[in-house]
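Report on one structure; see the data block that follows.
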Amino acid sequence: MKQLIELESGDSLEEVALSPVSRLDLIKYAGASGDFNPIHTIDKEAEKTGLPGIIAHGMWTMGNLSKLFTAYYETGFIQDYSIRFKGMVFLNDAITLKAIVQEVNEENIDFKVCAVNQDGKEVIKGKVLFLKYE
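Here the numbering used here is used: the first residue of the sequence shown is 267, the next is one more, and so on.
This is how it looks when you write it as structure tokens:
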């Protein structure tokens with residue numbers, strides 16, 4: 267793994283593969299976030315809305331993107347996030363998180379980020395601005 271100061275435009279961070287999404291993940295997230303919308307935890311309620319089953323909270327997926335930067339938190343922090351939700355995440359989906367360096371300067375690094383499911387379909391994409399400590 268490259269050090270933060272070695273990263274250049276076009277470099278990728280090490281991908282992070284999440285464990286398959288479980289009902290317990292979503293129940294825990296509902297409690298932590300206060301988002302108790304039943305489409306995230308109760309199959310019958312999700313099905314009433316036309317979904318094939320419960321779906322993960324979009325913010326659960328977005329929050330997991332920060333795991334891409336865990337190895338770099340001693341040298342900086344995520345200053346800004348910009349995310350677009352592209353698809354739903356279902357129970358047992360295997361999500362992979364990815365980040366590619368777009369631009370590097372003395373103060374920060376711009377990353378293109380995304381999360382893809384086991385079929386290679388993007389479920390979220392966006393940008394992260396990582397500010398380096400002085």
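C-beta atoms are modelled at their ideal positions from N, C-alpha and C, and glycine is treated no differently.
Secondary structure in the region 283-308: no beta strand (DSSP E) run of 3 residues or longer lies completely within the stretch. Within the DSSP bridge table, the entry for THR362 names ALA283 and VAL382 as partners. LEU331 counts as buried, since no fewer than 16 other beta carbons sit within 10 angstroms of its beta carbon. Annotation for GLY392: the continuous beta strand (DSSP E) segment containing it runs 388-398. For GLY329, there is no enclosing beta strand (DSSP E); the enclosing alpha helix (DSSP H) covers residues 324-330. Nearest to GLU400 by alpha-carbon distance, out of ASN371, LYS391 and VAL382, is ASN371. By alpha-carbon distance to ILE321, the top candidate from GLU311, HIS306, LYS310 and THR315 is HIS306. Shown here, ILE271 sits in a helix according to DSSP, grouped into three states. Burial state of ASP359 is buried, judged by a 10 Å Cβ sphere holding 16 or more other Cβ atoms. Where PHE351 is concerned, the enclosing beta strand (DSSP E) starts and stops at 342-351.
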